[in-house]
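Going by the working numbering, the final residue of the sequence shown carries number 333, and the count climbs one at a time with no gaps.
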Amino acid sequence: MKALVTGATGFIGSHLCEELIRKGYEVACLSRNNSNIKWLETSGVNFLKGDCTIPESLNCIIDDFDYIFHLAGLTKSTSKEAFFAVNTKGTENLLKKISNNSRLKRFIFISSLAAVGPGKDGVPVNEISSPAPVSDYGKSKLEAEKAVLRYKGKIPFTILRPPAIYGPRDKDMLVMFKLIKKGFFFDLGKCYYSLLYVEDLIHGIILCAENEKAKDKIYFLSDNKSYTGEQIAMEISSALNVKANPIKVPKFVMPFVAFISEKMNRQSIINRDRIKDFQHSYWVCDSMKIKNEIGFTPKVGLKEGIKWTADWYRIHKWL
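Now the structure itself:
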(Lines of atoms letter the chains of each structure in order from A and count residues from 1; the text may use other names and numbers.)
(Lines give C-alpha, C1' and ligand atoms only; values in the text may rest on other atoms or scores of the structure.)
Protein backbone atom coordinates (compact mmCIF):
# COMPACT_ATOMS: atom_id res chain seq x y z
CA MET A 1 0.00 0.00 0.00
CA LYS A 2 1.24 3.49 -0.84
CA ALA A 3 0.70 6.34 1.58
CA LEU A 4 1.36 10.06 1.34
CA VAL A 5 1.81 12.05 4.54
CA THR A 6 1.79 15.84 4.71
CA GLY A 7 3.25 17.41 7.84
CA ALA A 8 5.43 14.32 8.10
CA THR A 9 8.42 16.07 9.63
CA GLY A 10 6.43 17.33 12.63
CA PHE A 11 5.76 15.79 16.02
CA ILE A 12 2.73 13.69 15.05
CA GLY A 13 3.64 13.19 11.40
CA SER A 14 7.03 11.66 12.14
CA HIS A 15 5.46 9.12 14.51
CA LEU A 16 2.82 8.28 11.90
CA CYS A 17 5.43 7.69 9.19
CA GLU A 18 7.41 5.37 11.42
CA GLU A 19 4.35 3.28 12.25
CA LEU A 20 3.19 3.11 8.63
CA ILE A 21 6.62 1.86 7.57
CA ARG A 22 6.61 -0.67 10.41
CA LYS A 23 3.27 -1.96 9.08
CA GLY A 24 4.68 -2.38 5.58
CA TYR A 25 3.42 0.73 3.83
CA GLU A 26 5.45 2.48 1.14
CA VAL A 27 5.50 6.02 2.51
CA ALA A 28 6.09 9.33 0.76
CA CYS A 29 6.26 12.64 2.59
CA LEU A 30 5.37 16.02 1.19
CA SER A 31 7.90 18.43 2.66
CA ARG A 32 8.90 22.02 2.09
CA ASN A 33 12.48 22.94 1.22
CA ASN A 34 13.12 24.24 4.74
CA SER A 35 11.61 21.27 6.60
CA ASN A 36 13.71 19.62 9.29
CA ILE A 37 13.79 15.91 8.44
CA LYS A 38 15.90 14.76 11.41
CA TRP A 39 13.30 12.27 12.70
CA LEU A 40 12.87 10.66 9.27
CA GLU A 41 16.39 10.66 7.83
CA THR A 42 16.91 6.93 8.33
CA SER A 43 13.27 5.85 8.19
CA GLY A 44 13.09 4.82 4.55
CA VAL A 45 10.45 7.36 3.49
CA ASN A 46 10.51 9.03 0.08
CA PHE A 47 10.54 12.82 0.09
CA LEU A 48 8.49 14.91 -2.33
CA LYS A 49 9.23 18.61 -2.36
CA GLY A 50 6.01 20.57 -2.21
CA ASP A 51 3.96 23.07 -0.22
CA CYS A 52 0.19 22.91 0.15
CA THR A 53 0.01 26.71 0.02
CA ILE A 54 1.62 26.71 -3.46
CA PRO A 55 -0.72 24.81 -5.83
CA GLU A 56 1.82 24.38 -8.64
CA SER A 57 4.27 22.71 -6.23
CA LEU A 58 1.75 19.89 -5.71
CA ASN A 59 2.33 18.58 -9.22
CA CYS A 60 4.83 16.19 -7.62
CA ILE A 61 1.84 14.23 -6.28
CA ILE A 62 0.78 11.61 -8.78
CA ASP A 63 -2.48 9.68 -8.61
CA ASP A 64 -1.15 6.40 -7.26
CA PHE A 65 -1.57 6.73 -3.50
CA ASP A 66 -3.94 4.41 -1.65
CA TYR A 67 -4.00 6.59 1.47
CA ILE A 68 -3.33 10.27 2.07
CA PHE A 69 -2.84 11.58 5.59
CA HIS A 70 -3.09 15.38 5.74
CA LEU A 71 -1.39 16.57 8.90
CA ALA A 72 0.31 19.70 7.58
CA GLY A 73 -0.96 22.79 9.32
CA LEU A 74 -0.13 25.93 11.23
CA THR A 75 -0.77 25.76 14.99
CA LYS A 76 1.01 28.91 16.18
CA SER A 77 0.93 32.31 14.51
CA THR A 78 0.34 35.97 15.23
CA SER A 79 -1.52 36.30 11.92
CA LYS A 80 -5.14 35.32 11.30
CA GLU A 81 -4.44 35.40 7.56
CA ALA A 82 -1.60 32.90 7.97
CA PHE A 83 -3.88 30.39 9.73
CA PHE A 84 -6.39 30.50 6.89
CA ALA A 85 -3.73 30.48 4.16
CA VAL A 86 -2.11 27.32 5.52
CA ASN A 87 -4.90 25.41 7.26
CA THR A 88 -7.86 26.23 5.02
CA LYS A 89 -6.50 27.21 1.62
CA GLY A 90 -3.68 24.66 1.86
CA THR A 91 -6.24 21.90 2.45
CA GLU A 92 -8.37 23.15 -0.45
CA ASN A 93 -5.33 23.08 -2.75
CA LEU A 94 -4.48 19.51 -1.78
CA LEU A 95 -8.05 18.29 -2.19
CA LYS A 96 -8.26 19.78 -5.67
CA LYS A 97 -5.00 18.10 -6.67
CA ILE A 98 -6.01 14.60 -5.50
CA SER A 99 -9.69 14.73 -6.50
CA ASN A 100 -9.15 12.60 -9.62
CA ASN A 101 -7.26 9.79 -7.89
CA SER A 102 -9.55 6.80 -8.43
CA ARG A 103 -7.15 4.57 -6.49
CA LEU A 104 -7.53 6.55 -3.25
CA LYS A 105 -9.04 4.47 -0.46
CA ARG A 106 -9.04 7.18 2.23
CA PHE A 107 -8.12 10.80 2.82
CA ILE A 108 -7.49 11.33 6.53
CA PHE A 109 -7.73 14.94 7.65
CA ILE A 110 -6.36 15.77 11.08
CA SER A 111 -8.49 18.60 12.41
CA SER A 112 -8.72 19.57 16.08
CA LEU A 113 -11.00 19.86 19.08
CA ALA A 114 -10.40 23.60 18.59
CA ALA A 115 -12.50 23.43 15.40
CA VAL A 116 -15.59 22.82 17.56
CA GLY A 117 -14.55 24.82 20.59
CA PRO A 118 -14.90 24.21 24.31
CA GLY A 119 -17.74 22.40 26.02
CA LYS A 120 -20.32 24.45 27.88
CA ASP A 121 -21.76 23.94 31.36
CA GLY A 122 -19.49 20.97 32.00
CA VAL A 123 -20.80 18.99 29.02
CA PRO A 124 -18.17 17.43 26.70
CA VAL A 125 -18.51 18.23 23.00
CA ASN A 126 -19.25 15.41 20.61
CA GLU A 127 -19.86 14.88 16.90
CA ILE A 128 -23.34 16.43 16.99
CA SER A 129 -22.25 19.55 18.87
CA SER A 130 -22.59 22.77 16.90
CA PRO A 131 -19.10 24.08 16.14
CA ALA A 132 -18.21 27.32 17.90
CA PRO A 133 -14.44 27.77 17.66
CA VAL A 134 -13.04 30.62 19.72
CA SER A 135 -9.56 31.02 18.17
CA ASP A 136 -8.45 31.87 14.64
CA TYR A 137 -6.65 28.53 14.59
CA GLY A 138 -9.87 26.70 15.43
CA LYS A 139 -11.87 28.69 12.88
CA SER A 140 -9.35 27.93 10.14
CA LYS A 141 -9.51 24.20 10.93
CA LEU A 142 -13.30 24.26 10.84
CA GLU A 143 -13.23 25.88 7.41
CA ALA A 144 -10.80 23.19 6.29
CA GLU A 145 -13.25 20.54 7.51
CA LYS A 146 -15.94 22.17 5.39
CA ALA A 147 -13.63 22.00 2.38
CA VAL A 148 -13.21 18.25 2.94
CA LEU A 149 -16.96 17.76 3.29
CA ARG A 150 -17.55 19.45 -0.07
CA TYR A 151 -15.75 16.52 -1.72
CA LYS A 152 -18.06 13.92 -0.19
CA GLY A 153 -18.84 11.31 -2.84
CA LYS A 154 -15.68 12.10 -4.76
CA ILE A 155 -12.97 11.66 -2.11
CA PRO A 156 -13.47 9.02 0.62
CA PHE A 157 -12.48 10.82 3.82
CA THR A 158 -12.32 10.64 7.59
CA ILE A 159 -12.01 13.79 9.70
CA LEU A 160 -10.38 13.39 13.10
CA ARG A 161 -10.60 15.94 15.93
CA PRO A 162 -7.96 15.13 18.54
CA PRO A 163 -7.54 17.13 21.76
CA ALA A 164 -4.10 18.09 23.10
CA ILE A 165 -1.56 15.44 22.08
CA TYR A 166 1.58 14.77 24.07
CA GLY A 167 4.55 12.44 23.93
CA PRO A 168 8.14 12.21 22.71
CA ARG A 169 9.18 15.02 20.30
CA ASP A 170 6.35 17.32 21.41
CA LYS A 171 7.59 20.87 21.90
CA ASP A 172 4.32 22.37 23.18
CA MET A 173 3.95 20.28 26.34
CA LEU A 174 7.71 20.68 26.81
CA VAL A 175 7.05 24.27 27.89
CA MET A 176 5.05 23.03 30.88
CA PHE A 177 7.69 20.42 31.74
CA LYS A 178 10.39 23.10 31.77
CA LEU A 179 8.38 25.40 34.04
CA ILE A 180 7.64 22.61 36.48
CA LYS A 181 11.28 21.56 36.53
CA LYS A 182 11.97 25.13 37.72
CA GLY A 183 9.45 24.64 40.51
CA PHE A 184 6.27 26.37 39.36
CA PHE A 185 3.36 26.27 36.91
CA PHE A 186 0.66 28.69 35.88
CA ASP A 187 -2.70 28.09 37.53
CA LEU A 188 -5.49 29.26 35.21
CA GLY A 189 -8.23 28.30 37.64
CA LYS A 190 -10.35 25.17 37.52
CA CYS A 191 -9.92 24.00 33.92
CA TYR A 192 -10.59 20.58 32.43
CA TYR A 193 -8.91 18.98 29.44
CA SER A 194 -9.06 15.89 27.26
CA LEU A 195 -5.67 14.44 26.34
CA LEU A 196 -4.27 11.65 24.17
CA TYR A 197 -0.81 10.10 24.06
CA VAL A 198 0.78 10.24 20.61
CA GLU A 199 1.03 6.45 20.16
CA ASP A 200 -2.71 6.12 20.77
CA LEU A 201 -3.42 8.87 18.27
CA ILE A 202 -1.33 7.11 15.63
CA HIS A 203 -3.20 3.88 16.31
CA GLY A 204 -6.50 5.74 15.87
CA ILE A 205 -5.42 7.41 12.64
CA ILE A 206 -4.39 4.16 10.98
CA LEU A 207 -7.45 2.32 12.33
CA CYS A 208 -9.69 4.91 10.69
CA ALA A 209 -7.82 4.70 7.40
CA GLU A 210 -8.10 0.94 7.20
CA ASN A 211 -11.68 0.55 8.49
CA GLU A 212 -14.47 0.91 5.95
CA LYS A 213 -16.91 1.93 8.69
CA ALA A 214 -14.92 5.13 9.21
CA LYS A 215 -15.45 6.29 5.62
CA ASP A 216 -17.00 9.78 5.39
CA LYS A 217 -17.15 10.07 9.20
CA ILE A 218 -16.02 12.65 11.73
CA TYR A 219 -14.59 11.46 15.05
CA PHE A 220 -13.25 12.90 18.27
CA LEU A 221 -10.41 10.95 19.89
CA SER A 222 -9.24 11.07 23.50
CA ASP A 223 -8.21 8.74 26.31
CA ASN A 224 -11.82 8.92 27.58
CA LYS A 225 -10.94 10.90 30.70
CA SER A 226 -10.82 14.55 31.67
CA TYR A 227 -8.06 16.12 33.70
CA THR A 228 -7.70 19.36 35.58
CA GLY A 229 -4.70 21.54 34.86
CA GLU A 230 -3.52 20.81 38.39
CA GLN A 231 -3.73 17.04 37.86
CA ILE A 232 -1.57 17.31 34.75
CA ALA A 233 0.94 19.50 36.57
CA MET A 234 1.13 17.08 39.49
CA GLU A 235 1.78 14.11 37.20
CA ILE A 236 4.62 16.03 35.53
CA SER A 237 5.99 17.00 38.95
CA SER A 238 5.95 13.35 39.98
CA ALA A 239 7.68 12.22 36.78
CA LEU A 240 10.38 14.85 37.26
CA ASN A 241 10.61 14.23 41.02
CA VAL A 242 10.22 17.93 41.84
CA LYS A 243 7.77 20.00 43.86
CA ALA A 244 6.00 22.65 41.81
CA ASN A 245 3.97 25.53 43.21
CA PRO A 246 1.03 27.11 41.35
CA ILE A 247 1.17 30.74 40.29
CA LYS A 248 -2.35 32.00 39.83
CA VAL A 249 -2.93 33.90 36.58
CA PRO A 250 -6.24 35.84 36.44
CA LYS A 251 -7.96 35.55 33.08
CA PHE A 252 -7.91 39.31 32.52
CA VAL A 253 -4.08 39.23 32.69
CA MET A 254 -3.74 36.53 30.00
CA PRO A 255 -3.79 38.83 26.93
CA PHE A 256 -0.97 40.91 28.39
CA VAL A 257 1.07 37.77 29.17
CA ALA A 258 0.51 36.58 25.61
CA PHE A 259 1.58 39.94 24.18
CA ILE A 260 4.87 39.82 26.11
CA SER A 261 5.40 36.17 25.13
CA GLU A 262 4.92 37.01 21.45
CA LYS A 263 7.50 39.78 21.68
CA MET A 264 9.99 37.31 23.12
CA ASN A 265 9.19 34.46 20.71
CA ARG A 266 6.74 34.76 17.80
CA GLN A 267 6.41 30.96 17.69
CA SER A 268 5.58 30.63 21.38
CA ILE A 269 2.67 28.41 22.41
CA ILE A 270 1.59 31.33 24.62
CA ASN A 271 0.26 33.86 22.12
CA ARG A 272 -2.81 36.04 21.76
CA ASP A 273 -4.67 33.54 19.61
CA ARG A 274 -3.98 30.57 21.92
CA ILE A 275 -5.01 32.71 24.91
CA LYS A 276 -8.52 32.82 23.41
CA ASP A 277 -8.61 29.07 24.08
CA PHE A 278 -7.06 29.35 27.54
CA GLN A 279 -9.81 31.75 28.62
CA HIS A 280 -12.28 28.86 28.43
CA SER A 281 -12.24 26.17 31.06
CA TYR A 282 -13.80 23.00 29.61
CA TRP A 283 -11.79 21.53 26.73
CA VAL A 284 -13.27 18.06 26.96
CA CYS A 285 -14.59 15.84 24.16
CA ASP A 286 -16.62 12.64 24.15
CA SER A 287 -14.90 9.94 22.08
CA MET A 288 -17.47 7.17 22.50
CA LYS A 289 -18.55 7.27 18.85
CA ILE A 290 -15.18 6.08 17.53
CA LYS A 291 -15.03 3.41 20.23
CA ASN A 292 -18.50 2.10 19.45
CA GLU A 293 -18.22 2.21 15.66
CA ILE A 294 -14.70 0.96 14.98
CA GLY A 295 -13.38 -0.16 18.37
CA PHE A 296 -10.78 2.54 19.07
CA THR A 297 -9.44 1.93 22.59
CA PRO A 298 -6.53 4.01 23.95
CA LYS A 299 -3.90 2.05 25.87
CA VAL A 300 -1.78 4.73 27.55
CA GLY A 301 -2.95 6.51 30.69
CA LEU A 302 -1.78 9.92 31.85
CA LYS A 303 0.68 8.67 34.47
CA GLU A 304 2.61 6.36 32.19
CA GLY A 305 2.35 8.71 29.20
CA ILE A 306 3.79 11.61 31.19
CA LYS A 307 6.55 9.40 32.59
CA TRP A 308 7.54 8.12 29.14
CA THR A 309 7.51 11.66 27.79
CA ALA A 310 9.66 12.94 30.66
CA ASP A 311 12.12 10.09 30.17
CA TRP A 312 12.41 10.88 26.45
CA TYR A 313 12.96 14.59 27.13
CA ARG A 314 15.75 13.75 29.58
CA ILE A 315 17.42 11.18 27.34
CA HIS A 316 17.49 13.65 24.44
CA LYS A 317 18.57 16.50 26.74
CA TRP A 318 15.47 18.60 26.10
CA LEU A 319 15.12 18.97 29.85
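Ideal Cβ positions, reconstructed from N, Cα and C, are used throughout, including at glycine.
Please read all numbers here as calculations on a predicted model, not as lab measurements.
*Determine the direct distance from the alpha carbon of W322 to that of G167, and round the result to whole angstroms.*
42 Å
*Straight-line Cα distance separating D230 from F121*: 9 Å
_Residue burial classification, S49 (beta-carbon count within 10 angstroms, cutoff 16)_ = buried
*Cβ of C205 within 8 Å of Cβ of L174?*
no
*Taking just the CA atoms, how far does F98 sit from D80?*
28 Å
*What are the boundary residues of the beta strand (DSSP E) that includes S45?*
40-45
*Let me know the secondary structure DSSP gives R175 once reduced to three states.*
strand
*Proximity winner among T67, K16, T102, relative to C43 (alpha-carbon distances)*: K16
*Within 10 angstroms of the Cβ of S45, are there 16 or more other Cβ atoms? Answer buried if so, exposed if not.*
buried
*With distances taken between CB atoms, is the gap from G319 to G218 smaller than 8 Å?*
no
*What are the residues that DSSP puts in a beta bridge with I261?*
F200
*List the residues that DSSP assigns as beta-bridge partners of R120.*
Y81
_Judging by CA-CA distance, which residue of L108, S143, N101, D201 is the nearest neighbour of V263?_
D201
*asked:* Is it the case that the region 240-259 contacts the region 109-118, given that we only count it when at least three CB pairs across the two stretches are under 8 Å?
replied: no
*Thinking C-beta only, is T172 closer than 8 Å to A86?*
no
_For N60: DSSP bridge partner residues_ = A42
_Quick check: A178 and G152, are their CB atoms within less than 8 Å of each other?_
no
_Residue from I26, G243, T105, D300 with nearest C-alpha to D237_ = D300
*To which residues of the same chain is K305 closer than 8 Å at the C-beta, ignoring the five residues directly before and after it?*
N238, T311
*asked:* Beta-carbon within less than 8 Å of I35's beta-carbon, same chain only, minus the 5 sequence neighbours each way: which residues are those?
replied: V41, S57, G58, V59
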